[in-house]
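Note sheet for the following structure.
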Amino acid sequence: MTMHACTPLKPLPYLFPVLLLMACGGNTAQVPVTEHAGGTESPVDTMTFSAEAARIADITTDTVRTLPWQASVTAPGRLMLDPSAFESIGSITEGRITHVTVRVGDRVTAGQTLVMIHSHEIMDARSGLLRAKARLDAAIAERDLANTSAARAQRLFDARALSRAELERAAVAERVARAGYDEATAERDRAAALVEHLAGTGPLPTGADEHDVLIRTPISGVVTERIAQPGSVVLPGMPLVTVGDPRRLQLQLHLAENAATGIDVGSVVRYALSDAPSVTHTARVTRIAPTIDTLTRTVEVVARPEAVSPARAESFVQAQVLGQGTKPALVVPIGAIQAIGSEMVVFVAEYRGVDLVLRAATVQVGRRSVDRAEVIHGVSSGALVVVRGAAIAKAELMRRRGGLGD
């Protein structure tokens, strides 16, 4: 085989030794690219790799397939707290703030006291509860007495010592006493619920007294905003503290106007954290903004992770959004496409015994995504093409062509 002069190649760090041997005609015993069986020289665009050469070059193949074309786009994004995971906690009374027990960034648990408000409402509520309990005690005594009187009247009536009219009056008194008991119980329960609403359940926190309304968080999470300040006067409904659940995140992306075509609710998003690019997570699109941002000409896309993310809110990610499948297309892995000048080629592979015969096939490439490319013509479905190691096959082809191409 005629040896050609060395042609400068763009170095690939992990393939450089193999490329150097092939391109410069080094020790062919280490990377044995052979001719076809029969001793005749193979065509320029066809080459045969021995089993040893294919192993050294780490050549792998994949099949040309006809699949529904699935558009994809890559874009940076960020993980943010899900707005539905926020709980804006406001004042439930009128009064003056005496204590604020948390700061932004503090972790809190459900039921924990965040703000204490000195208010006359809790004083009135506690007084009302005491009165309701006293009325209930009296109603219990009247009920018990009426029950006893009704039972005695029945015995006397059975012994013909009491008239029917007196028996009926005793029965009515018993029913009235029971109604009074039910009313007193309801009033006691209402007064207790009001106190619980204003003070919550559980022991009083440090610094609180019975005249403080206690504002507690209904969820566990992290304090993301604190508006309440000690000494300020508040009215019912005024916001005090915001708590968010750090485990509930959503992925926010901004896609170019044309890149958002084909992306729908339910589309799969694969993303990796910027500080851990080798670990891939999955999310699904839950919302696509109906309008385009007039300044950036982008569309906001929101996705929800399918599992609890170990990341923190406001972490940056690199994401790939996969569109829904459309009309079938002939596709090859993106790594199989090699550019030689203005020509696009794939290397069709065929095993002949233990040898691997590669043929450079010129193809017309259509749409591209992150991991695949559409082939309009040049190869047929079911053909084997080189994926890993295609750059080495390109280098050998360029050597055979005399170093032409880029």
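Taking mature numbering (1 follows the signal peptide of the UniProt record, and there is no 0), I'd label the letters of the sequence shown as residues -29 to -1, 1 to 377.
Built from N, CA and C at the ideal position, the CB exists for glycine as well.
Report the residue from the options whose alpha carbon sits nearest the alpha carbon of residue i.
i      : options                        : result
Ile263 : Val256, Ala170, Glu271         : Glu271
Gly66  : Gly337, His182, Ala290         : His182
Leu169 : Met87, Arg241, Ala155, Ala366  : Met87
Val35  : Val184, Ile347, Glu367         : Ile347
Gln83  : Ser191, Ile305, Val350         : Ser191
Arg159 : Pro47, Val75, Arg106, Ser120   : Arg106
Ala361 : Leu327, Val184, Gln309, Ser313 : Gln309
Val273 : Lys104, Thr257, Leu266         : Thr257
Leu355 : Leu329, Thr333, Gly373         : Leu329
Ala164 : Asp326, Leu206, Met369, Leu100 : Leu100
Val302 : Thr37, Ile30, Thr32            : Thr37
Ser313 : Pro304, Gly306, Val325, Gln335 : Gln335
Ser351 : Arg338, Arg78, Thr333          : Thr333
Ile234 : Pro248, Ser245, Ala260, Ala247 : Ala260
Arg372 : Arg338, Ile311, Pro281, Met94  : Ile311
Val240 : Ala227, Val317, Ala254         : Ala254
Ser90  : Ala56, Asn118, Leu206, Ala282  : Leu206
Pro276 : Leu220, Ala42, Thr45           : Leu220
Name, in chain order, the residues that DSSP records as bridge partners for residue i.
i      : result
Ser87  : It should be pointed out that residue 87 corresponds to Met in this sequence rather than to Ser. His70, Leu185, per the DSSP bridge assignment.
Glu196 : Thr213
Phe57  : Gly215
Leu244 : Ala247, Val288
Val303 : Ala344
Phe318 : Ala331
His168 : His168 is not bridged to any residue.
Gly48  : Leu224, Val288
Thr34  : Leu355
Thr253 : Arg241
Arg339 : Ala344
Val350 : According to DSSP, Val350 bridges with nothing at all.
Gln125 : Its beta-bridge partners do not exist; DSSP assigns none.
Ala310 : Met315
Against chain D, does residue i count as a neighbour if the rule is that its beta carbon must be under 8 Å from one of theirs?
i      : result
Tyr322 : Absent from the structure: chain D. Only one protein chain is present.
So, under 8 Å CB-CB, residue i and residue j are touching, yes? Tell me the CB distance rounded to an integer number of Å.
i           : j      : result
Leu52       : Val288 : So it is not a contact: roughly 15 Å between Cβ atoms.
Pro39       : Lys365 : No, Pro39 and Lys365 are not in contact; Cβ-Cβ is about 30 Å, not under 8 Å.
Val250      : Ala243 : 6 Å
Leu224      : Gly48  : 4 Å
residue 398 : Ile30  : Residue coverage of the chain in this structure runs from -29 to 377, which leaves residue 398 outside it and unanswerable.
Val357      : Thr17  : Between Thr17 and Val357 the Cβ distance is about 13 Å, and since that is not below 8 Å, they are no contact.
residue 378 : Arg218 : Lying outside -29 to 377, the shown extent of the chain, residue 378 is not represented and no answer is given.
Ala130      : Glu145 : Ala130 to Glu145, Cβ: 19 Å. No contact.
Ala96       : Val166 : 5 Å
Ala300      : Glu345 : 5 Å
### Query
How about the region 133 to 142 and the region 51 to 63: do they share at least three Cβ pairs that are nearer than 8 Å?
Not touching, per the Cβ criterion.
### Task
Output the residue ranges of the beta strand (DSSP E) runs that lie fully inside the region 262 to 296 and measure 3 residues or longer, sorted by chain position.
As far as the region 262 to 296 is concerned, its whole beta strand (DSSP E) runs of at least 3 residues are 269 to 276.
### Query
Any contact of the region 66 to 79 with the region 198 to 214, i.e. 3+ C-beta pairs under 8 Å?
The region 66 to 79 vs the region 198 to 214: in contact.
### Message
Could you check whether the region 189 to 207 touches the region 22 to 29, counting it as contact only if at least three pairs of C-beta atoms, one from each stretch, sit closer than 8 Å?
### Response
The region 189 to 207, when compared against the region 22 to 29, does not touch it at the 8 Å Cβ threshold.
### Message
Any contact between the region 149 to 156 and the region 108 to 123? By contact I mean 3 or more CB pairs, one from each, below 8 Å.
### Response
Because the criterion of three Cβ pairs below 8 Å is met, the region 149 to 156 and the region 108 to 123 touch.
### Meets three-Cβ-pair contact criterion under 8 Å: the region 93 to 107 and the region 195 to 213
Result no; under three Cβ-Cβ pairs closer than 8 Å.
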